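Comments concern the structure below.
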Amino acid sequence: MQISLAWKATTLILLNVVLTFSTGILARNFLLNPELAKVEKINDEKILHQLEILETLIRTSMLDSVSRIKAIAARIEDNHWDQLATSLLELTATKDLSYVIIANQANDLLQVRPGRNFNPDNIPSPKEINTILAAARNAESLPAINLLQTSGGAVVFASDSINQAHPYKPAVFVAVSRIDEQFISQINRFSGVELSLIEREEFLALQQEPRALSGVRAESNRLHWSVNNRDGEAIVMTEVELPPRSYDDRLLTPTLFIAVLFTLALWALTIWLLYRTTIRPMNIASTTLRDIMQNRDYGQRLQYRHNDEFGRLISFFNGLLGIVDHHTSELEILSLTDPLTGLGNRRAFDHQSERFWALAERNRDRMALIAFDIDYFKRYNDEYGHPAGDKVI
Numbered sequence: 004m005q006i007s008l009a010w011k012a013t014t015l016i017l018l019n020v021v022l023t024f025s026t027g028i029l030a031r032n033f034l035l036n037p038e039l040a041k042v043e044k045i046n047d048e049k050i051l052h053q054l055e056i057l058e059t060l061i062r063t064s065m066l067d068s069v070s071r072i073k074a075i076a077a078r079i080e081d082n083h084w085d086q087l088a089t090s091l092l093e094l095t096a097t098k099d100l101s102y103v104i105i106a107n108q109a110n111d112l113l114q115v116r117p118g119r120n121f122n123p124d125n126i127p128s129p130k131e132i133n134t135i136l137a138a139a140r141n142a143e144s145l146p147a148i149n150l151l152q153t154s155g156g157a158v159v160f161a162s163d164s165i166n167q168a169h170p171y172k173p174a175v176f177v178a179v180s181r182i183d184e185q186f187i188s189q190i191n192r193f194s195g196v197e198l199s200l201i202e203r204e205e206f207l208a209l210q211q212e213p214r215a216l217s218g219v220r221a222e223s224n225r226l227h228w229s230v231n232n233r234d235g236e237a238i239v240m241t242e243v244e245l246p247p248r249s250y251d252d253r254l255l256t257p258t259l260f261i262a263v264l265f266t267l268a269l270w271a272l273t274i275w276l277l278y279r280t281t282i283r284p285m286n287i288a289s290t291t292l293r294d295i296m297q298n299r300d301y302g303q304r305l306q307y308r309h310n311d312e313f314g315r316l317i318s319f320f321n322g323l324l325g326i327v328d329h330h331t332s333e334l335e336i337l338s339l340t341d342p343l344t345g346l347g348n349r350r351a352f353d354h355q356s357e358r359f360w361a362l363a364e365r366n367r368d369r370m371a372l373i374a375f376d377i378d379y380f381k382r383y384n385d386e387y388g389h390p391a392g393d394k395v396i
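Numbering (our numbering), first residue to last: 4 to 396.
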């Protein structure tokens with residue numbers, strides 16, 4: 004099976020493209036991407052560490068708030084509730100709380116005081132307050148902090164209590180912060196991390212995405228971070244919008260696909276130019292040489308207009324053809340001429356007779372042959388020698 008030079012060149016170029024991109028993909032996946040992944044993981048872990056520190060600070064601040072509320076209530080004597088209200092207002096004015104709850108054991112004495120982050124559009128309902136108080140009373144140890152999903156939304160609260168027998172003095176203290184956009188906005192300003200709340204349905208849907216676990220960068224370049232309550236239920240569900248990763252571990256990315264197409268187009272143009280400038284003239288030259296060999300027309304010449312390496316080769320071929328044509332003409336003359344008389348020999352006679360015989364048959368003409376014989380010429384050669392006989396002839 005013969006393969007043309009054009010197909011050989013195309014195969015070699017395609018093989019070169021495949022090997023080049025295969026080597027690039029292997030180097031990217033096994034050398035470059037692992038290093039970039041390490042850097043990305045370190046940066047993501049820094050963000051997670053910031054969030055963990057922030058969570059600790061929030062817990063500490065909430066516990067400090069409820070401890071100060073408890074201390075204020077402990078100093079109030081009997082029914083000096085105005086003094087308690089004033090002290091609570093002074094405290095909540097300096098704390099980023101949504102509201103404060105104080106109550107006795109029977110909930111007969113119940114007060115709700117707004118905090119600095121109180122949202123008048125989302126006033127806590129009695130159901131929400133009772134839910135928070137129930138969770139505060141069920142705390143295993145005090146002071147306690149927990150997350151809770153209420154009718155008004157997710158809240159984080161810190162609770163503490165005083166064991167006393169007087170039924171009309173406050174015994175349960177709760178500092179509450181709503182986990183809303185305002186809460187997240189304050190966290191973002193404090194930490195420099197762009198957190199945003201997501202709905203539970205979206206969070207559950209994200210769990211189906213590869214690598215979308217809490218604290219792991221997802222395919223969409225988002226870092227999902229959830230905070231659970233004591234029962235392990237995710238209450239706070241957030242995501243961090245991360246900058247696009249500096250690498251791509253997919254086998255065929257759009258950039259790589261475009262690069263392959265561009266490379267193939269470039270090599271296709273290269274093959275076309277190679278065909279036009281080298282392979283096509285070579286094919287023409289080989290066809291011309293084949294015709295010369297078949298027709299034995301050594302007077303024909305190869306055609307090529309450019310004075311490059313191939314042009315010089317064509318020039319050498321034409322020179323060789325000229326030499327072959329000259330020697331062939333001489334050999335034809337020698338093969339058809341008698342060297343003694345300079346007349347046509349038997350071979351020339353055969354060629355001419357075949358030519359005229361075919362011409363006579365085609366024209367339906369007659370042809371004649373005249374033969375001459377020299378009598379007793381052998382005796383002349385014997386008498387005077389062959390050189391003398393050659394001279395007579």
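All C-beta atoms, glycine included, are put in the ideal place defined by N, C-alpha and C.
Predicted model, so just to flag it, every value in this text is computed and none were measured.
Per DSSP, what kind of secondary structure is residue i in: helix, strand or coil?
{"i": "Ile105", "result": "strand"}
{"i": "Asp341", "result": "coil"}
{"i": "Pro284", "result": "helix"}
{"i": "Asn231", "result": "strand"}
{"i": "Gly156", "result": "strand"}
{"i": "Met240", "result": "strand"}
{"i": "Phe352", "result": "helix"}
{"i": "Gly347", "result": "strand"}
{"i": "Gln306", "result": "coil"}
{"i": "Phe375", "result": "coil"}
{"i": "Leu245", "result": "coil"}
{"i": "Val327", "result": "helix"}
{"i": "Pro129", "result": "helix"}
{"i": "Asn32", "result": "helix"}
{"i": "Arg225", "result": "strand"}
{"i": "Pro117", "result": "strand"}
{"i": "Ser194", "result": "helix"}
{"i": "Asn122", "result": "coil"}
{"i": "Ser164", "result": "strand"}
{"i": "Ala147", "result": "strand"}
{"i": "Leu200", "result": "strand"}
{"i": "Arg279", "result": "helix"}
{"i": "Ser188", "result": "helix"}
If we count the other Cβ atoms within 10 Å of its Cβ and call it buried at 16 or more, is residue i buried or exposed?
{"i": "Pro284", "result": "buried"}
{"i": "Thr23", "result": "exposed"}
{"i": "Ala138", "result": "buried"}
{"i": "Ala391", "result": "exposed"}
{"i": "Arg299", "result": "exposed"}
{"i": "Ile295", "result": "buried"}
{"i": "Arg220", "result": "buried"}
{"i": "His52", "result": "exposed"}
{"i": "His354", "result": "exposed"}
{"i": "Ile56", "result": "exposed"}
{"i": "Ile317", "result": "buried"}
{"i": "Leu54", "result": "buried"}
{"i": "Ile377", "result": "exposed"}
I'd like the list of long-range same chain contacts for residue i, defined as Cβ closer than 6 Å, with 5 residues on each side in sequence excluded.
{"i": "Ile401", "result": "In this structure the chain extends from 4 to 396, so residue 401 is not present and cannot be described."}
{"i": "Asp163", "result": "Val69, Lys73, Leu145, Pro146, Phe176"}
{"i": "Val179", "result": "Ser101, Tyr102, Val158, Phe160"}
{"i": "Tyr250", "result": "Asn36, Leu39"}
{"i": "Lys130", "result": "Ser154"}
{"i": "Asn348", "result": "Asp341"}
{"i": "Ala351", "result": "Leu339"}
{"i": "Arg369", "result": "none"}
{"i": "Phe206", "result": "Met240"}
On the premise that residue j lies in contact with residue i, defined as a C-beta separation below 8 Å, what is that separation, rounded to the nearest angstrom?
{"i": "Glu204", "j": "Arg225", "result": "At roughly 16 Å, the Cβ-Cβ gap does not stay under 8 Å, so Glu204 and Arg225 are not in contact."}
{"i": "Ile148", "j": "Leu66", "result": "6 Å"}
{"i": "Ala12", "j": "Ile287", "result": "Actually they do not touch by this definition, with Cβ atoms about 17 Å apart."}
{"i": "Asp328", "j": "Gly302", "result": "5 Å"}
{"i": "Leu91", "j": "Arg116", "result": "5 Å"}
{"i": "Arg463", "j": "Asn321", "result": "Because residue 463 is not part of the residues shown, which for the chain are 4 to 396, the question remains open."}
{"i": "Glu197", "j": "Glu244", "result": "5 Å"}
{"i": "Glu43", "j": "Arg248", "result": "6 Å"}
{"i": "Glu313", "j": "Thr281", "result": "Just to set this straight, residue 313 is Phe in the shown sequence, not Glu. Contact holds; Cβ gap of about 7 Å."}
{"i": "Leu255", "j": "His227", "result": "Their Cβ separation, rounded to whole angstroms, is 27 Å, which puts Leu255 and His227 out of contact at 8 Å."}
{"i": "Gln189", "j": "Asp99", "result": "6 Å"}
What do you reckon, is the C-beta of residue i under 7 Å from a heavy atom of the ligand SAM?
{"i": "Asp385", "result": "The ligand SAM is not among the ligands present in this structure, which contains no ligands whatsoever."}
Looking only at its chain, what residues have a beta carbon closer than 8 Å to the beta carbon of residue i, apart from the 5 residues adjacent to it on each side?
{"i": "Gly156", "result": "Asn125, Arg181, Ile182, Asp183"}
{"i": "Gln185", "result": "Asn120, Asn122"}
{"i": "Ala76", "result": "Leu87, Ile105, Ile165, Lys172, Pro173, Phe176"}
{"i": "Asn231", "result": "Leu150, Ala237, Ile238"}
{"i": "Glu335", "result": "none"}
{"i": "Ile136", "result": "For the sequence presented, residue 136 should be read as Leu rather than Ile. Closer than 8 Å at Cβ, skipping near neighbours: Ile104, Ala106, Asn110, Val175, Val177."}
Could you pull out every residue in the same chain whose Cβ sits closer than 7 Å to the Cβ of residue i, ignoring the five residues on either side in sequence?
{"i": "Ser128", "result": "Ser154, Gly155"}
{"i": "Tyr278", "result": "Ala9"}
{"i": "Trp270", "result": "Ile16, Val20"}
{"i": "Val263", "result": "Phe24"}
{"i": "Thr266", "result": "Val20"}
Can you find a C-beta in chain D that's less than 8 Å from the C-beta of residue i?
{"i": "Gly347", "result": "Absent here is chain D; the protein component of the structure consists of one chain."}
Q. Any chance the segment 15-29 sits against the segment 255-271, with 3 or more Cβ pairs inside 8 Å?
A. yes
Q) Is it true that the segment 91-99 meets the segment 190-200, where meeting means three or more beta-carbon pairs spaced less than 8 Å apart? A) no
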